[in-house]
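**Q**
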Amino acid sequence: MSDSHEYMFKDADRSHANRKIWICGAVAIIVGFVIGILIGRFATCPEENEAPKQDGTFLPGVSDSIIKDGDPKISEEIINGIQADNIRKYLRDLSENPHLAGTPADWEQADNLRKFWTDNGLDEVFISEYDVLLSYPNTTDEDNMNQIQIVDNSTGNIIYKSPLYEDILDESENKSNVVPPFNAFSKPGTVESDQLIYVNYGRVEDYTHLDSLNINVSGKIVIARYGKIFRGDKANLAYVHGAIGIILYSDPADYAMGQTDSSQVYPHDWWLPASGAQRGTIFLGSGDPLTPGYPATETAYRLGEDEPEAGLPKIITHPVGYGVAEKILQQMTGDNVPSDWEGKVPNVTYRYGGQLTNSTWKVKMRISTANKRVKTYNVIGIIRGAIEPDRYVLMGNHRDAWVFGAIDPSSGTAVMKEVSRVMGQLVKTNKWRPRRSIIFCSWGAEEYGLVGSVEWVEQYIKNLAERSLAYLNVDLALQGNFSLRALATPLLYDVIFSATKKVPNPDSTEIHKTVYDKWKASFPKDSSDPNSVPRSFINTCTFNLCLSVGGVGSGSDYAPMVQMVGLPVCDVRYTFDPKKYPLSSYPLYHSKYETFKAVDEIMDRGFKHHQATGQVWAEMARTLADTMIIPLDVVNFSNELISLANTLDNDYGTMLRNNSITFDDLKTVTNNLKTEAMAFKSRVDNVDKYNPLAVRHINDQLILFERSFLDPQGLPGRPYARHVLFAESQVNTYAGSSFPGLVDSLFEIEKDPDQKGRWNIVKKHFSVILFTIESATSTLRDVTKFMPVFIKDRS
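Each residue of the sequence shown is one higher than the last, beginning at 1 in full-length UniProt numbering.
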């Protein structure tokens with residue numbers, strides 16, 4: 001055999017051996033692959049990665065977090081992460097300079113907040129710009145700046161003229177862009193009168209008292225003290241009664257508790273000094289006056305300023321401090337007022353007025369405040385939800401201030417920055433992402449009439465109405481250091497109570513361990529706090545000892561959220577002891593003296609109360625964002641609605657029945673709602689939590705429940721106030737009112753000469769209330785059984 005044949009046989013043997021190796025290798029690879037699949041399928045813990053397979057469609061790769069509440073440990077991380085020192089630092093920066101809406105400072109703070117949120121882990125940040133009508137005083141021509149004068153009509157000499165600015169009491173106030181005291185949207189012009197009438201707080205009952213004494217204010221200037229009701233209502237009532245001008249002043253009885261010595265007031269204490277004057281709008285509407293109902297975008301149609309629908313005030317109005325008021329009130333004549341009309345301006349005997357002490361003297365109001373179209377900005381920061389990004393929990397605070405705004409609103413802005421920092425960092429480091437989206441809202445031009453929030457709601461009403469759960473507001477973080485106070489619609493009560501139970505009392509020296517404990521002791525259900533809702537309104541909460549929770553009016557940015565979107569809303573802050581200090585507001589309110597010094601050295605040393613407000617606010621948001629079944633309690637709501645109906649019966653039931661209104665119909669529909677609410681709660685308690693669609697159905701019903709109390713036609717005479725149960729009082733925009741359309745329609749109805757027409761309005765709105773409650777009831781039924789069974793009356 002030749003060599004070539006030997007090589008041929010050797011190659012064949014080698015090829016046969018290689019084939020065996022390849023086959024064995026392939027088998028080994030296949031076996032290993034199968035084993036790997038089996039290990040991956042059965043060794044992985046399903047409860048950490050996938051939802052357990054139930055009946056229905058299995059969703060591969062979907063985390064089981066879809067059928068669970070969020071990680072409860074995050075609650076503690078957020079609460080512990082909020083730092084008082086950070087809030088102090090933010091507030092010092094925010095309140096260093098004035099930041100009036102529509103000025104360069106408005107944009108500067110908006111842009112700074114945008115950068116802060118971007119740097120601290122928020123997923124998306126937007127700025128919304130609006131072209132709106134605001135109002136500013138003349139600051140360039142001293143000869144024409146706003147001023148009150150006493151003039152000798154016989155000689156033309158000026159006997160007295162009010163200072164143009166407040167006194168500088170601390171070097172931190174010495175800034176060139178401090179705007180002088182003014183009332184936004186005051187009618188400009190000059191008026192004078194030899195008659196000056198004191199109208200106490202300028203309320204309806206005050207004018208009724210003057211009428212009983214045959215004191216007429218028509219054609220005269222009136223002077224009213226701040227407090228009790230919204231300043232815009234004071235101005236409007238003066239106009240309605242024929243006055244040609246109104247001077248508003250801060251009485252020491254209401255803003256200094258009678259302590260007027262310079263050593264007793266700011267900068268040594270929180271009391272208002274003599275030169276302090278309260279700025280503020282007198283516009284009774286909300287949003288941009290020229291684009292009512294629609295956003296003030298570049299292409300928007302705008303009304304003329306003189307058109308009635310714009311609703312701009314028609315009376316000259318100006319605010320002064322009690323130092324100026326002393327000079328004016330000393331010149332008044334007339335009979336002495338009763339004791340409940342007396343204030344505590346030093347060296348003054350309070351009189352009704354009439355001619356001044358010198359018959360040739362006149363009071364002159366020179367007002368050059370002018371309206372101007374400017375740009376204002378909302379900043380919107382979003383943490384996108386991991387599972388339900390299309391469900392929003394909204395947190396809001398306004399950013400603009402009349403001057404330094406260290407209390408209103410920058411204490412709230414500083415707290416919002418810290419809450420967003422803590423949540424943003426948890427997202428940024430992949431430690432947490434909420435189930436639902438959390439949206440931080442920083443509003444512009446709130447002080448002028450909720451302008452930024454209203455315009456934003458008008459622009460995005462479709463998105464918000466479809467996707468939002470609730471709106472949580474902190475207008476300002478504190479106005480005192482006594483206890484938490486909350487305003488809220490009833491669906492959020494349990495959320496507030498639960499959050500306050502988790503947050504430590506900021507005063508560690510007290511026996512009360514939590515914010516809830518202190519609140520419960522300070523404002524129990526039998527509270528005499530005049531700002532709280534009726535006692536029966538909170539008697540049915542799920543906790544053994546209930547708390548006083550205030551009703552919502554129109555004093556802050558929660559108003560468009562409840563009135564236009566139909567969201568459950570709240571506003572939380574720390575407040576003062578109303579029994580010790582029976583005040584309408586904190587003393588330095590809207591004055592130049594709302595400074596960082598006042599907060600840092602007097603009102604909240606250490607910033608622990610700011611911290612507690614932030615912790616409560618953050619925990620409420622986390623609960624709403626992370627809890628699988630949204631914690632809104634419709635049974636509580638229905639119980640409180642029954643209580644409200646009983647209160648309405650006590651106040652107006654006889655009057656309504658005497659005018660052919662069947663009040664028992666209201667009791668029937670409220671009881672029906674209670675029955676349906678209890679049945680719904682049973683379905684909530686028994687829902688299959690492994691079925692995401694079943695949970696989503698329940699949550700949708702909870703979200704839409706508050707919406708069902710909106711009347712798209714609006715309340716009588718108020719097309720933009722749409723919630724038939726909760727809205728501001730028509731005679732005090734600050735205050736909340738239950739059944740507001742009905743109560744306002746009944747107000748002084750006996751004085752209306754058109755009794756038939758007025759009672760027809762009442763009867764129509766009463767029927768709207770009945771329908772609306774029935775409509776809300778239907779939303780709680782099973783989704784295909786929303787209509788009641790019809791039984792034909794065969795009689």
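Cβ atoms here follow ideal geometry from the backbone N, Cα and C, with glycine treated the same way.
Is it a yes or a no for the segment 468–479 touching the segment 108–116, going by three-plus beta-carbon pairs under 8 Å?
**A** Counting Cβ pairs under 8 Å, fewer than three are found: no touch.
**Q** Measure how close the beta-carbons of S737 and S554 come, nearest whole angstrom, since I'm counting them as under 8 Å.
**A** That pair is no contact at about 10 Å.
**Q** Tell me where the beta strand (DSSP E) around N378 begins and ends.
**A** First-last of the beta strand (DSSP E) with N378: A370 to I383.
**Q** Which one of V515, W271 and D71 has the shortest CA to CA distance from Y593?
**A** Comparing Cα positions, the closest option is W271.
**Q** Measuring CB atoms only, is the segment 415–430 touching the segment 363–379, in the sense that at least three cross pairs come out at less than 8 Å?
**A** Taking 8 Å as the limit for Cβ pairs, the verdict is that the segment 363–379 does not touch the segment 415–430.
**Q** Please state the DSSP three-state secondary structure of K764.
**A** Reduced to three states, the DSSP call for K764 is helix.
**Q** Ignore the nearest five residues each way along the sequence and tell me which others in T500's own chain have a CB closer than 7 Å to its CB.
**A** Only L484, T514, V515, Y516, W519 and V616 meet the Cβ criterion.
**Q** Can you give the beta carbon distance from D507 to A445, rounded, assuming they're within the 8 Å contact cut?
**A** Not really, about 35 Å apart at Cβ, beyond 8 Å.
**Q** Assuming R436 contacts E388 (C-beta within less than 8 Å), just tell me the rounded distance between them.
**A** With a Cβ gap of about 5 Å, R436 and E388 count as contacting.
**Q** Applying the 10 Å Cβ sphere with the 16-neighbour rule, what's the burial state of N686?
**A** Looking at its Cβ environment, which holds fewer than 16 other Cβ atoms inside 10 Å, N686 is exposed.
**Q** So which of P273, D577, R573 and D571 has the shortest CA-CA distance to A521?
**A** Here the closest residue by C-alpha is D577.
**Q** Sort K364, D651, K314 and D744 by Cα distance to N157 and report the nearest one.
**A** Out of K364, D651, K314 and D744, K364 has the C-alpha closest to the C-alpha of N157.
**Q** In angstroms, rounded to a whole number, what distance separates the CA positions of Y589 and F230?
**A** The straight-line gap from Cα to Cα measures roughly 13 Å.
**Q** Give the straight-line distance between the Cα atoms of S368 and L641, rounded to the nearest whole angstrom.
**A** Cα to Cα, the separation comes out at about 48 Å.
**Q** Which value, in whole angstroms, describes the spacing of the CA atoms of D390 and I383?
**A** Approximately 11 Å, taken between the alpha carbons.
**Q** Between I247 and V320, how many whole angstroms is the CB-CB distance? I'm expecting something under 8 Å.
**A** 6 Å between Cβ atoms; contact.
**Q** Just curious, the alpha helix (DSSP H) that residue 805 is in, first and last residue?
**A** This structure cannot settle anything about residue 805, because the visible part of the chain is limited to 1 through 795.
**Q** Look up V34 in the DSSP assignment and say whether it is helix, strand or coil.
**A** Residue confidence for V34 is low, a pLDDT of 48 falling below 50, so the modelled location carries little weight; the figure read from the coordinates is stated next. Of the three classes helix, strand and coil, the one that applies to V34 here is helix, per DSSP.
**Q** For G353, write down the residues that DSSP places opposite it in a beta bridge.
**A** Partner(s): I197.
**Q** Would the beta-carbon of G280 fall within 8 Å of that of N183?
**A** Yes. Within cutoff.
**Q** If we call anything under 8 Å between Cβ atoms a contact, is T357 one with Q331?
**A** Contact flag set, yes.
**Q** Can you tell which of E458, E96 and P490 has its C-alpha closest to the C-alpha of M561?
**A** Taking only the C-alpha atoms, the option nearest M561 is E458.
**Q** Quick check on R781: does DSSP put it in helix, strand or coil?
**A** In this structure, R781 counts as coil in the three-state DSSP scheme.
**Q** Does the segment 715–734 come into contact with the segment 621–635, if we say contact requires no fewer than three beta-carbon pairs (one atom in each stretch) closer than 8 Å?
**A** The answer is no - the segment 621–635 does not touch the segment 715–734, with fewer than three Cβ pairs under 8 Å.
**Q** Nearest-angstrom Cα distance between V533 and V549?
**A** Note that V533 scores a pLDDT of 36, beneath 50, so its modelled location is shaky; the value from the coordinates is reported in the next line. Going by the C-alpha atoms only, they are around 6 Å apart.
**Q** Would you list the one or two residues that DSSP bridges to K726?
**A** Checking the sequence shown, residue 726 turns out to be Phe, not Lys. Its beta-bridge partners are S738.
**Q** Buried or exposed: I148, going by 16 or more other Cβ atoms within 10 Å of its Cβ?
**A** Its Cβ being crowded by 16 or more others within 10 Å, I148 is buried.
**Q** Tell me which same chain residues have a C-beta within less than 6 Å of the C-beta of N659, skipping the five on either side of it?
**A** Counting only Cβ-Cβ distances below 6 Å, and skipping sequence neighbours, we find W759.
**Q** What residue range does the beta strand (DSSP E) around R485 cover?
**A** Start and end: S483 to A488.
**Q** Find the nearest neighbour of Y198 within the set K234, P631, E750 and P188, judged by alpha-carbon distance.
**A** Answer by Cα proximity: K234.
**Q** Check whether the segment 413–422 touches the segment 488–496, counting contact only when three or more Cβ pairs, one atom from each stretch, lie closer than 8 Å.
**A** Output reads no: the segment 488–496 does not touch the segment 413–422.
**Q** Classify E124 as helix, strand or coil using the three-state DSSP reduction.
**A** Three-state result, E124: strand.
**Q** Output needed for V599: all residues of its chain with C-beta closer than 6 Å, excluding positions within five of it in sequence on either side, in chain order.
**A** These residues qualify, in order along the chain: A406.
**Q** What residues match up with K364 in a beta bridge as DSSP calls it?
**A** Answer by DSSP bridge pairing, in chain order: Q149 and E192.
**Q** Under 7 Å Cβ to Cβ from P267, same chain only, skipping five residues before and after it: list those, please.
**A** So the list reads L169, D170 and K597, once near-sequence residues are dropped.
**Q** Please state whether the Cβ-Cβ distance between A477 and T613 is less than 8 Å.
**A** Result yes, Cβ atoms of A477 and T613 sit closer than 8 Å.
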